[in-house]
Amino acid sequence: MTYEHQDDPVELLARLVAIDSVNPDLVPGGAGEAAIADYCGEWLRARGFDVHRLEKRPGRPSLVAVARGTGGGRSLMLNGHVDTVGLAGYDGDPLQPLIRDGRLHGRGSYDMKSGLAAMMIAAARATDGGTLRGDVLVACVADEEYASAGTEEVLETFTADAAIVTEPSNLEVTLAHKGFAWFEVEIEGRAAHGSRPDLGVDAIAKAGHFLVALEEHGERLARGEAHPLLGTGTVHASVIRGGEEASTYPALCRITLERRIVPGESAGTVHAELTTILDRLAATVPGFRHRLHRGLHREPFEADREAPIVRTVLRHAERALGHPPVIRAEPFWTDCALLDQAGIPCLLIGVDGEGAHAATEWADLASLHRLTDVLTATVADFCS
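Each residue of the sequence shown is one higher than the last, beginning at 87 in the numbering used here.
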């Protein structure tokens with residue numbers, strides 16, 4: 087198959103990097119996704135896609151661009167997020183794309199405007215002739231760096247027979263990743279003047295018992311049964327707040343913790359684990375009182391290796407790379423889990439590079455071209 091749309095993925099990546107799309111939930115005052123959604127929408131519309139703008143949260147749009155097939159074929163969604171982390175502390179100008187030694191530098195170049203550029207061009211190339219039977223959907227989603235509200239909003243309206251998320255993966259195929267659950271534990275004390283230990287209960291000291299127990303729980307998890315790709319779940323205390331002043335017994339100490347979970351675990355199982363720990367402390371530590379609150383949680387993900395989309399991507403990746411691609415898993419969470427929970431078989435593959443959330447960030451341009459080729463061939467094959 088030949089393609090008349092010969093757009094350059096490097097040029098598109100540079101244009102995307104130059105657009106400020108900092109997630110305002112991460113950085114107050116961040117630009118948000120409106121400007122980059124405008125650009126992507128215009129780019130895709132000019133190439134014949136029907137562009138749907140979803141914006142339940144004003145200023146935080148996601149796009150789904152659809153190229154309708156002739157009918158009777160499988161549909162495929164390419165999913166990538168348009169938001170980035172903050173610009174502060176970046177070495178150099180984060181919005182000035184710089185090409186040097188086969189790499190494009192700039193905020194979001196690696197995470198993940200490279201994947202965004204590759205999937206947009208691949209979709210345009212593969213659908214250019216109008217001969218595919220299945221629909222091709224390009225989902226440019228907001229808010230992945232914080233709460234994934236964008237993909238959640240997309241899934242309220244759109245579905246597909248399969249999906250590919252183009253987060254960076256060094257051209258390796260990601261078939262599993264961990265989930266996470268955030269909890270807040272409140273340890274209650276009793277405020278009193280620092281000279282009155284007979285009246286005061288030190289909530290911070292009581293919290294120390296919980297922190298020791300939490301560390302022991304993490305050690306037990308590390309010794310437990312490991313997932314073949316992901317290893318074991320983990321837990322850590324992230325934030326601790328307590329006390330008012332030096333001469334007062336603290337009445338409250340709050341501990342925010344994160345539990346990374348693997349397939350077979352869930353926010354519910356974590357809640358049960360923490361409840362057991364806290365109840366044991368309440369029974370053994372005099373004056374130990376607590377409250378447990380569940381926060382944001384996201385489930386882990388694991389793909390079926392025999393799913394048609396997995397086999398199709400592996401086949402075309404092997405052709406592009408000259409060898410079977412590495413199968414990997416990620417310790418972090420991605421939108422794959424939301425797609426999978428919505429009944430859409432999916433996987434993750436993206437470019438090579440470094441610097442996600444770091445002071446310098448770059449994408450390898452040779453891998454960008456290879457990824458574009460893999461996605462183009464996959465779309466043409468899967469949706470034919």
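Here a beta-carbon is modelled for each residue, glycine too, at the ideal position from N, C-alpha and C. In this text the structure is predicted, and so the values were computed from the model without any measurement.
Exposed or buried, which one is residue i when buried takes at least 16 other CB atoms within 10 Å?
i: Thr48; result: This structure does not reach residue 48, given that the chain is present from 87 up to 470, and the question cannot be answered.
i: Thr260; result: buried
i: Ala203; result: buried
i: Ser161; result: buried
i: Leu382; result: exposed
i: Asp390; result: exposed
i: Thr462; result: buried
i: Glu128; result: exposed
i: Lys264; result: buried
i: Leu300; result: buried
i: Gly118; result: buried
i: Gly115; result: exposed
i: Arg179; result: Per the sequence shown, the amino acid found at residue 179 is Asp instead of Arg. Per the 10 Å Cβ criterion, exposed.
i: Glu239; result: buried
i: Val298; result: exposed
i: Gly354; result: exposed
i: Thr464; result: buried
i: Lys142; result: exposed
i: Pro314; result: exposed
i: His443; result: exposed
At which residues does the alpha helix (DSSP H) containing residue i begin and terminate?
i: Ile290; result: Ala289 to Arg309
i: Cys422; result: Cys422 to Gln427
i: Trp419; result: That residue, Trp419, is in no alpha helix (DSSP H); it is neither H nor E in DSSP.
i: Asp221; result: Per DSSP, Asp221 belongs to no alpha helix (DSSP H) and is neither H nor E.
i: Leu272; result: A small fix is needed here, since residue 272 is Glu in this sequence, not Leu. It is not in any alpha helix (DSSP H) - Glu272 instead sits in the beta strand (DSSP E) that spans Gly265 to Glu274.
i: Met206; result: Ser200 to Thr213
i: His455; result: Leu451 to Phe468
i: Thr318; result: First-last for Thr318: undefined, no H or E at that position.
i: Asp136; result: Element bounds for Asp136: not the alpha helix (DSSP H) but the beta strand (DSSP E), Asp136 to Leu140.
i: Ala403; result: Pro394 to Leu407
i: Arg146; result: Segment: none, Arg146 is in no alpha helix (DSSP H) and carries neither H nor E.
i: Leu86; result: Residue 86 is absent from the structure shown; the chain starts at 87 and stops at 470.
Rounding to the nearest angstrom, what Cα-Cα distance links residue i and residue j in this structure?
i: Gly188; j: Arg366; result: 57 angstroms
i: Cys422; j: Glu258; result: 15 angstroms
i: Leu281; j: Val287; result: In the sequence as presented, Leu is not what sits at residue 281; that position holds Ser. The alpha-carbon atoms of Ser281 and Val287 are separated by roughly 12 angstroms.
i: Glu331; j: Ala277; result: 11 angstroms
i: Met198; j: Gly159; result: 29 angstroms
i: Gly373; j: Ala337; result: 12 angstroms
i: Arg309; j: Ala323; result: 19 angstroms
i: Ala267; j: Ala132; result: 41 angstroms
i: Tyr176; j: Arg346; result: 28 angstroms
i: Arg327; j: Leu285; result: 22 angstroms
i: Phe387; j: Thr217; result: 33 angstroms
i: Phe135; j: Ala466; result: 16 angstroms
i: Met87; j: Gly350; result: Its pLDDT being 35, under 50, Met87 is placed unreliably in this model, and the value from its coordinates should be taken loosely. Cα-Cα distance, rounded: 43 angstroms.
i: Glu151; j: Glu231; result: Rather than Glu, the amino acid found at residue 151 in this sequence is Ala. Each residue's Cα considered, the two are about 21 angstroms apart.
i: Ser470; j: Gly155; result: 9 angstroms
i: Glu90; j: Ala452; result: Reliability fails at Glu90, whose pLDDT of 38 lies under 50, so the model's placement of it is uncertain and the value that follows must be treated cautiously. Roughly 21 angstroms separates the two Cα atoms.
i: Ala246; j: His379; result: 35 angstroms
i: Arg384; j: Leu424; result: 8 angstroms
i: Met163; j: Leu241; result: 11 angstroms
Below 8 angstroms on the Cβ atoms is my contact criterion, and I expect residue i with residue j to pass it. Report the Cβ-Cβ distance as a whole number of Å.
i: Glu270; j: Arg340; result: 6 angstroms
i: Val356; j: Thr342; result: Not confirmed; about 14 angstroms, so no contact.
i: Gly172; j: Leu112; result: 6 angstroms
i: Leu98; j: Met206; result: 7 angstroms
I'd like the span of the beta strand (DSSP E) that includes residue i, first residue to last.
i: Leu338; result: Leu338 to Ile347
i: Ile185; result: Leu184 to Arg186
i: Arg101; result: From DSSP, Arg101 is part of no beta strand (DSSP E) but of the alpha helix (DSSP H) over Pro95 to Val103.
i: Arg160; result: Unbroken run through Arg160: none, as it is neither H nor E.
Three-pair Cβ contact test at 8 angstroms for the segment 407-415 versus the segment 220-229: Between the segment 407-415 and the segment 220-229 there are fewer than three C-beta pairs closer than 8 angstroms, too few to call the two in contact.
Three CB pairs or more closer than 8 angstroms across the segment 142-150 and the segment 209-216: Not touching, per the Cβ criterion.
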